[in-house]
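Colleague: Per this note's numbering, the sequence shown starts with residue 1, numbered consecutively.
All C-beta atoms, glycine included, are put in the ideal place defined by N, C-alpha and C.
Dumping the structure here so I can ask a few things about it.
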Amino acid sequence: MSGDREPLMSKPLEGQVAVVTGGARGIGLATAQRLARDGARVAIWDRDPGLLDSAAFRPALLARVDVTDLASVQAVVAETEAALGRVDILVNNAGITGPVHPLWEYPPEAWHQVLAVNLTGVFHCCRAVLPGMRERRHGRIISVSSLSGKEGTPEIGAYAAAKAGVIGLTKSMARELAGSGVLVNSVAPAMAETELLQALTPDFIAAAKGRIPMGRFAGIAEIAAMIAWIAGPDCSFTTGFTFDISGGRATY
Ligand SMILES: NC(=O)c1ccc[n+]([C@@H]2O[C@H](COP(=O)([O-])OP(=O)(O)OC[C@H]3O[C@@H](n4cnc5c(N)ncnc54)[C@H](O)[C@@H]3O)[C@@H](O)[C@H]2O)c1
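Encoded structure:
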């Protein structure tokens, strides 16, 4: 493919099949809605599909899956391929913050759960969709990391470690797949106001907002728009990169 830009299309994802994990609410739902608006048929995979307000959005497929369970992920890939034909775009968005504690008091079971959802879940989903993407020589994987993964965040060490792991995994996979037609990137948002913040304390949230130079939280539609661009044809020569969406907080 040449580096010349095609004219802007109103439905740049027409004909594509996209999966959004954790898409029943929050950033995942906004992303599913945006990808659908851009022409993709969208499958939502979520541990709790009942969270989806079906009046707000009707995906092409809504499946119950726990990304920590490889067998459940493999089963939902088969279900998605049977219903929609294939997976062209995978958005690894499912995530939890875990509790707020200094590391020396951090509950070991919470550590394992946060790593299982935020990092091993990404591995499971990539592991399951990549054979099909490699065979078709086409695919886009976008994982939702966090600025915590770049900077570290006191008292949510498991979350920061998992999100840093996602950035490392993105770089490794991108190099393994560079000649295959499959591009692998991630995004690192600063804090956005979603249900995810319920596990955090008001002081923690206020401090996070105070570190954002633009003085506000990220909008979920802003994060979705960036993911949609990375998933689309205009992003054709970038792989292994983590895109910041941080209101000026990230300086590297
Ligand atoms: N909200 C923020 O400030 C922020 C900032 C940076 C990154 N992120 C990341 O964005 C992603 C989405 O966050 P959000 O704020 O929309 O959270 P949210 O809690 O509103 O939504 C998370 C979704 O993931 C699903 N989920 C959780 N565990 C799952 C599992 N094991 N298997 C399948 N689905 C599962 C939940 O049911 C829910 O629908 C997460 O990866 C989060 O770490 C969020």
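(1) I'd like the span of the alpha helix (DSSP H) that includes serine 148, first residue to last.
(2) Does DSSP put alanine 178 in a helix, a strand or coil?
(3) Hey, is the segment 194-205 in contact with the segment 102-118, meaning 3+ C-beta pairs nearer than 8 Å?
(4) What residues in its chain sit with their C-beta under 7 Å from that of serine 253, if we drop five residues either side in the sequence?
(5) For a quick check, are the C-beta atoms of valine 91 and threonine 21 less than 9 Å apart?
(6) Could you check the C-alpha separation between aspartate 69 and leucine 84 for me, to the nearest Å?
(7) DSSP three-state label for isoleucine 89, please.
(8) Does the beta-carbon distance from lysine 171 to asparagine 118 come in below 9 Å?
(9) Would you check whether ligand 1 has a heavy atom nearer than 8 Å to the C-beta of leucine 62?
(10) Please check the pair valine 184 and leucine 177, which I expect to be a contact at CB under 8 Å, by giving their CB distance rounded to whole angstroms.
(11) Below 6 Å CB to CB, which residues in the same chain sit around proline 233 once its five sequence neighbours on both sides are set aside?
(12) Got a sec? Which residues, its chain only, sit under 6 Å from alanine 30 by beta carbon, not counting five neighbours each side?
Modeller: The relevant details are as follows:
(1) 147-151
(2) coil
(3) no
(4) Residue 253 is absent from the model: the chain starts at 1 and stops at 252.
(5) yes
(6) 22 Å
(7) strand
(8) no
(9) no
(10) 6 Å
(11) Pro12
(12) Ile220, Ala221 and Ala224
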